[in-house]
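Chains as they are written, first to last, in this note's numbering: chain A, 1 to 786; chain B, 787 to 1135.
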């Protein structure tokens, strides 16, 4: 019985190849979407991670000499012999024939494990070979070291063992800085006074923002998972519905229920695997296409060693296959239960006829209410990221389950308001179709809401980020010197050349019991033009320069409920409040003169430089004063790089938006095609009453557009709620600060238009088929009438 | 102390990569790579031989101790310095091909504390000097006017110790006058011990400082490729019996399930009797699940020619050395024909 049974089941697909294709394509596309998001996220995160691991050795503390000089081998060894677990790094520039390579020498034996050479496959012998970008090989042609070309390295940088780098730089016995291992022994003696341990370096303000961004991207991954799951559920469920007749016949011919169910499960398992595999492959291409070279950008940005290739990470391709299987499994369980309960010789009720839209809608809406109530409970009493994400899930599922009732009520309302027989039939017939279409419409709702939510989030993020960069990185070059003496020399030189030098001076303080920083600001157009002041008294910059008060950041203002005009604990009157995203601490800005008077011992060693020729000036300063690494940062370039990385990620999300919508459109197509055959008995009488097939087909398209429109209207508040949860709940739970939410009505309109287009495209083919249905097929409905 | 070659080779393996490792096993003579090989009949030159032998590939200074506090609670302590050479020379400065690795551990009946240190030679971060004796890496050291009188120190994130050691007997040469054969095909190392240390000092553990006393056993061994490629794991026993006699025995097992054993019986005066392959036998009686592996923590060990038939039981089954090359090493209690305490090391599990 197995063989004929299998043939009977398969014959359905042979007779309906388009349905098989749409099922596979739907599953594959949903999987691809999930995989693509996962891949981009995993890859970008891994890149950032590696970047921050190696650049300035990221999250690890650094030790330097207080007087800014290099550390000798003996000094390093004596620190080690005290028990301090530190690892030496030598940095310097190597120039031959006008070409400069930034050399980084490390010591693999003592390097803290997660840093530097990624795994122990890289050996000391490997390390003795200098790794450079293939383009830079020629520079080392005449040097007596082993050089290995490595396309994964950033051009203009070389990494190797410290002994090799000392040899190339002719700097024996020199160490630039020490990486402090986070693991230190007990009973460690205090650090000698000539050393200073520096915390995390400047990149972390940006890092905070990128972490937040990736959290949001993760949320997008979850959303696309939900969308995909709905589509898979819909597609598989409808395929079952269509084959009720076949099942009944097979059962009537004596096939045991168990065997039939096993056969069906097997069939779906194979589909899921095939479609899942296709989806993973497709997802890989999506990711590879959308993520052209984030890693390469990061390489240039941080001078860090990052491989620029997309890797097939088991985590995301396994999760992709898992999702295809799980989605099919969930769908199959519901369908198999229905099959098990189906009376052997029951009448073959097509679902579209047998169910009442309102009844099923009410039942789903009940579940939705429970979910939404759970969400409210979570948002009031829940804490942490889990609660944030659970709130997100409840909101989405709850809203999706509400949709059928909402649509049913809307259609009923429209039916009451409409005049004329045809219009009333149109609305009533639309309502009749709801159960068959609701799964696909829910998917459309989720896709659209996710798109609105994510594009709001991403665009808000972008505005915030660019604002933040403009505020913080308004100077072209940033100079970070070790000693005031060094600073005096260089600043005098710069002043002589007519470069505007803006000292950056700050002290740590406590305001209202919480840590805060106090900055002294030089009165300059740079700040007057760029500083993002939110609220202020009139003539704020003039009054600040005159020493009449202070500016504070939003965090401090919110925390202590401070407003312009209030007095600060430091005795300064608040002149204005400015936004300071990404910072968790309070900040106070006073005039440079007031700062120097209050903290005379503080001398500036950090400076912002305004210049028209940052590249030339940077090269000149590097050559003249031997400034390397973090001592001189071309922030304009850094900003441009950071923005380009984000632009790329933004374009990724908009491309993904388009993909989710097409997947949802496909779901509508599948549903409409399925319904088309079931609906003939309902359409035939209308046709017999005199409506042409063309007219009927037109009404079909109109109906799809109406349903999509109502769904789209429902999706807008849902999407905005979603964005709000992401920005104001999830972000706050994760990072303790809120991203401001901006609205982009034009984008929503565009999305709405895209949604209608997707629905239109989905409805056109079934409509054409209806228009071309031979009249005898319609006539036969009456002769077959049950 | 036969387990160490494995550890040390693994250590080299990590840094040199599998290719170099295979080369090391295949190049039996070792001449191709220029490393020296142990020769039968070598006459030790002390104290010079307490120092490093950079022309050999691997070498170690290995100290284990059985301790008790005032209440009679038993503890174990380990201090080990490995040297591993990429080339058979020493060069001063950062270019040195000599690498150093050290392990320290304290085992209590309920806990096990481990620390690891790594260094490169040539710059003074780690090394060994023969006289006055000094072996060090970072802030860890084992040093004194001679090998007979030593101060010992090590520290990790959750423990440290400071000890004084004094030798109460002579050095003991294993095998044929210190030439210790490791396989039927003749691979060997130089191997001698100082098994007669009295030790006293302070363990600093999370629960506080604990004054302890006991006895310690130091192993010195160096070689270039003491093991055959098929030798995969082994078990090393050092036993100090209550009567004052001592026994060192090891079993090297190969991929075919065969075993090579050797033992040295050390009488109270330090007189050594070496036993060839097969005289010493050790079989596991029970295993414990440690770090997700099945580790034999109860053994039966026999040396019939000396009437030894004892059970050897771990003081704490969880004495897992979670270092770059993980292995099991911890104090043991000995019962049966002879009673006493000792140390057990097991690798390849």
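Backbone N, C-alpha and C fix where the C-beta goes; we use that ideal spot for every residue, glycine too.
Q) With DSSP run on the structure shown, which of helix, strand or coil describes residue 72/A? A) Collapsing the DSSP output to three states places residue 72/A in coil.
Q: Excluding the 5 residues preceding and the 5 following residue 669/A in the sequence, name in chain order all residues of the same chain whose CB lies nearer than 6 Å to its CB.
A: Excluding positions up to five away in sequence, the list reads 762.
Q) Any Cβ of chain B within less than 8 Å of the Cβ of residue 315/A? A) No, residue 315/A lies away from the interface with chain B (no Cβ there is under 8 Å from its Cβ).
Q. DSSP three-state call for residue 1083/B: helix, strand or coil?
A. Three-state DSSP puts residue 1083/B in a strand.
Q) Just curious, the beta strand (DSSP E) that residue 932/B is in, first and last residue? A) Taken as a continuous stretch (DSSP letters only), the beta strand (DSSP E) holding residue 932/B covers 926-932.
Q | Beta bridge counterpart(s) of residue 573/A as assigned by DSSP | A | According to DSSP, which records beta bridges pairwise, residue 573/A is partnered with 567/A.
(Q) I'd like the span of the beta strand (DSSP E) that includes residue 1137/B, first residue to last. (A) As shown, chain B starts at 787 and ends at 1135. That puts residue 1137/B outside it, with no answer to give.
Q: Tell me, to the nearest whole angstrom, how far the beta carbon of residue 609/A is from that of residue 476/A; I am working on the premise that it is less than 8 Å.
A: About 6 Å; that satisfies the 8 Å criterion.
Q) Which whole-angstrom value is the C-beta distance of residue 580/A and residue 555/A, which I expect to be below 8 Å? A) Between residue 555/A and residue 580/A the Cβ distance is about 6 Å, and since that is below 8 Å, they are a contact.
Q. Near residue 594/A, which residues of its chain fall below 6 Å by C-beta distance, leaving aside the five closest residues on each side in sequence?
A. Around residue 594/A: 547.
(Q) For a test of the three-state rule: what should DSSP assign to residue 835/B, helix, strand or coil? (A) The answer is helix: DSSP assigns residue 835/B an H, G or I state.
Q.
Check for me: the beta strand (DSSP E) holding residue 590/A runs from which residue to which?
A. Counting along the chain, the beta strand (DSSP E) containing residue 590/A begins and ends at 586-591.
Q.
On the CB-based measure, 16 or more other CB atoms within 10 Å of its CB, does residue 247/A come out buried or exposed?
A. Answer is buried; the Cβ neighbour count reaches 16.
Q. Does the count of Cβ pairs from the stretch 991-1009 of chain B and the stretch 1086-1099 of chain B closer than 8 Å reach three?
A. Cβ pair count under 8 Å is below three, so no.
Q: Could you tell me which of 453/A, 783/A and 605/A sits nearest to residue 715/A, measuring between CA atoms?
A: When each option's Cα is compared against that of residue 715/A, the closest is 453/A.
Q: Along the alpha helix (DSSP H) that carries residue 1002/B, what are the first and last residues, could you check?
A: Run containing residue 1002/B: none in the alpha helix (DSSP H); it sits in the beta strand (DSSP E), 994-1009.
**Q.** Range of the contiguous alpha helix (DSSP H) that encloses residue 527/A
**A.** Counting along the chain, the alpha helix (DSSP H) containing residue 527/A begins and ends at 525-530.
Q. Leaving out five residues before and five after residue 788/A in sequence, what residues of the same chain have Cβ atoms less than 8 Å from its Cβ?
A. In this structure chain A extends from 1 to 786, so residue 788/A is not present and cannot be described.
(Q) I'd like the span of the alpha helix (DSSP H) that includes residue 769/A, first residue to last. (A) Counted as a single uninterrupted DSSP element, the alpha helix (DSSP H) harbouring residue 769/A occupies residues 745-771.
Q | Candidates 181/A, 169/A, 100/A and 277/A, of which the one nearest residue 136/A by Cα | A | Ranking the options by Cα distance to residue 136/A, first place goes to 100/A.
Q: For my contact list, residue 919/B and residue 938/B are in at a C-beta cut-off of 8 Å; report their separation, rounded to the angstrom.
A: Contact between residue 919/B and residue 938/B does not hold, since their C-beta atoms are separated by about 11 Å, which reaches or exceeds 8 Å.
Q. Taking a cut of 8 Å between CB atoms, which residues from the stretch 906-939 of chain B lie near chain A?
A. Within the stretch 906-939 of chain B, the residues whose Cβ lies closer than 8 Å to any Cβ of chain A are, in chain order, 906, 909, 910, 911, 922, 924 and 925.
Q: Consult DSSP for residue 625/A and reduce its assignment to one of helix, strand or coil.
A: Helix at residue 625/A.
**Q.** Residues that residue 163/A contacts on chain B, provided the C-beta gap is smaller than 8 Å
**A.** Those within 8 Å of residue 163/A in chain B are 879, 880 and 881.
Q) residue 1066/B to residue 1060/B, Cα distance in whole Å? A) If I take the Cα positions, the gap works out to 10 Å.
Q.
Along the chain, where does the alpha helix (DSSP H) containing residue 486/A start, and where does it finish?
A. Start and end: 484-496.
Q. Can you list, in chain order, the residues of the stretch 73-84 of chain A whose Cβ is nearer than 7 Å to any Cβ on chain B?
A. Within the stretch 73-84 of chain A, 73, 77, 80, 81, 82 and 83 place their CB atoms closer than 7 Å to a CB of chain B, listed in sequence order.
Q. Tell me the DSSP bridge mates of residue 1068/B?
A. Beta-bridge pairing by DSSP links residue 1068/B to 1087/B.
Q. Counting along the chain, where does the alpha helix (DSSP H) carrying residue 701/A start and finish?
A. In the DSSP annotation of this structure, the continuous segment of the alpha helix (DSSP H) that includes residue 701/A starts and ends at 693-724.
Q) Taking Cβ-Cβ distances shorter than 8 Å, what residues in chain A pair up with residue 942/B? A) Against chain A, the beta carbon of residue 942/B has neighbours under 8 Å at 185 and 186, listed in chain order.
Q) Which chain B residues are close to residue 832/A, counting only those with a beta carbon under 9 Å from its beta carbon? A) Nothing can be reported for residue 832/A: it is not among the residues displayed for chain A, which extend from 1 to 786.
Q.
As an exercise, report each continuous alpha helix (DSSP H) stretch of at least 4 residues that is fully enclosed by the stretch 356-436 of chain A, in chain order.
A. For the stretch 356-436 of chain A, whole alpha helix (DSSP H) runs of length 4 or above, ordered along the chain, are 357-381 and 384-417.
(Q) The alpha helix (DSSP H) that contains residue 604/A, what's its start and end? (A) Taken as a continuous stretch (DSSP letters only), residue 604/A belongs to no alpha helix (DSSP H), as it is neither H nor E.
Q) For residue 623/A, which option in 266/A, 279/A, 98/A and 560/A has the closest C-alpha, if you only look at C-alpha atoms? A) It is 98/A.
Q.
What would DSSP say about residue 1123/B, mapped onto helix, strand or coil?
A. Here residue 1123/B sits in coil by DSSP.
Q. What separation, rounded to the nearest whole angstrom, lies between the Cα atoms of residue 478/A and residue 522/A?
A. One C-alpha to the other measures close to 15 Å.
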